[in-house]
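Peer 1:
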Amino acid sequence: MDRFKAPADAVDLCHFIKPRENVVPVFRIPHLYFCLDVNPSADGSAYLEYGNIKVICSVCGPVELKQEGQVVTSFKFAPFSTQIRRDGVRDPEEKRLSQLLLSALEPSLVLSLLSQGQLPSWQIPNHSNRTR
Numbered sequence: 001m002d003r004f005k006a007p008a009d010a011v012d013l014c015h016f017i018k019p020r021e022n023v024v025p026v027f028r029i030p031h032l033y034f035c036l037d038v039n040p041s042a043d044g045s046a047y048l049e050y051g052n053i054k055v056i057c058s059v060c061g062p063v064e065l066k067q068e069g070q071v072v073t074s075f076k077f078a079p080f081s082t083q084i085r086r087d088g089v090r091d092p093e094e095k096r097l098s099q100l101l102l103s104a105l106e107p108s109l110v111l112s113l114l115s116q117g118q119l120p121s122w123q124i125p126n127h128s129n130r131t132r
């Protein structure tokens, strides 16, 4: 197979790339911690810690249904995850993040294998730097 040859007057793309000025030094990159099967009552669970961000995710199921397979996601911030304590009511941001999570997961799952099942998934960020 022949490789494409650039014209003689072509300029290398590296000539146009400028170095980034906001690069974080390696010694300031937060440590990453990841652990599987942290929730014994779930079929699968994981815990991720990256700097001040802590997330736990559990998957339970499948649950038998009378219709075709579906994926259900639930995204919930822990009450102590921000500087202002959250109440137990689900806010619009949690609903939006749950929908984004569902749209990210659905293409990667073969729902025909869960022919009459439901696969629930929960994500609970424990802490983050953001303010409410």
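The numbering of the sequence shown is UniProt numbering, which starts it at 1 and goes up by one. Ideal Cβ positions, reconstructed from N, Cα and C, are used throughout, including at glycine. This one's a predicted model, so the numbers in the text were calculated from it and none came from an experiment.
On the three-state DSSP scale, how would you describe C14?
Peer 2: C14: helix per DSSP, three-state reduction.
Peer 1: By Cβ distance, which residues of its chain are closer than 6 angstroms to G51, with the 5 residues on each side in sequence left out?
Peer 2: Correct list, in chain order: P30.
Peer 1: CA-CA distance, V11 and S41?
Peer 2: Cα-Cα distance, rounded: 59 angstroms.
Peer 1: Start and end of the beta strand (DSSP E) containing A104?
Peer 2: Counting along the chain, A104 falls outside any beta strand (DSSP E), though it belongs to the alpha helix (DSSP H) covering P92 to L105.
Peer 1: In three-state DSSP terms, what is R20?
Peer 2: Coil.
Peer 1: Suppose the cutoff is 8 angstroms on Cβ atoms and the five residues either side in sequence are ignored; what does the same chain contact list for R132 look like?
Peer 2: Note that R132 scores 42 on pLDDT, short of 50, meaning its location in the model is unreliable; the coordinates nonetheless yield the value given after this. Closer than 8 angstroms at Cβ, skipping near neighbours: T82, Q83, I84 and R86.
Peer 1: Quick one: using the 10 Å Cβ neighbour count with 16 as the cut-off for buried, is I17 buried or exposed?
Peer 2: It counts as exposed.
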